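Notes to accompany the following structure.
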Amino acid sequence: MKDQLTSSEAEPYLSVCAWCAKTIPHDTECFGLGAKAKAEAGELLQKHEGRAIIMLVGNREVPCIVTAHISQAKKDGKDFIFALCSEHCGRELKATFLAEADAAEDLPLDSFGEN
């Protein structure tokens with residue numbers, strides 16, 4: 009995982025698909041995928057709460073937001089949110105993370121929610 013991004017660094021990642029990097033126009037539908045963190049990721053969650061981070065999956069940089077403790081997403085059990093341009097990209101991202109999880113012990117993800 010890369011370091012936490014500043015607000016100005018994070019902004020471009022919040023308007024692009026976490027999977028295909030396509031720009032998501034402000035006037036179009038945006039999809040989201042929530043994920044639960046591994047139990048040992050507590051320090052990471054506290055350090056980056058409410059901020060955008062980049063996870064390295066294989067050789068791909070995947071931006072996401074670490075949910076804030078007061079957010080509805082956190083109350084719904086999601087620790088990370090990925091912005092996506094389509095349900096297809098959500099399925100691809102989820103499948104790749106699940107395939108990489110066995111090989112990449114340092115990924116902080118445990119499970120995914122629904123798109």
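Under my numbering, think of the first position of the sequence shown as 9, with each following residue one higher. Backbone N, C-alpha and C fix where the C-beta goes; we use that ideal spot for every residue, glycine too. Here the structure is a predicted model, which is why all the values come from computation and not from measurement.
Test item: CB-CB of residue i and residue j under 7 Å
| i | j | result |
| --- | --- | --- |
| Ile73 | Gly42 | no |
| Cys97 | Cys38 | no |
| Leu53 | Asp87 | yes |
| Pro71 | Ile78 | no |
| Leu101 | Trp27 | yes |
Given residue i as reference, the closest of the options once Cα atoms are compared
| i | options | result |
| --- | --- | --- |
| Gly40 | Ala103, Ser94, Cys28 and Lys46 | Ser94 |
| Gly58 | Glu48, Leu22 and Ala29 | Leu22 |
Status (buried if at least 16 other CB within 10 Å, exposed otherwise) for residue i
| i | result |
| --- | --- |
| Ala76 | exposed |
| His34 | exposed |
| Ala45 | buried |
| Ala49 | buried |
| Ala91 | buried |
| Ala47 | exposed |
Own chain residues within Cβ distance below 7 Å of residue i, not counting five before or after
| i | result |
| --- | --- |
| Thr126 | The question about residue 126 has no answer, for the chain in this structure spans 9 to 123. |
| Thr104 | Val65 |
| Ala81 | Gly42, Thr75 and Ile89 |
Beta-carbon proximity list for residue i, same chain, < 6 Å, skipping 5 on both sides
| i | result |
| --- | --- |
| Glu69 | Ile62 |
Inside the region 23-81 only - alpha helix (DSSP H) runs reaching at least 4 residues
50-56
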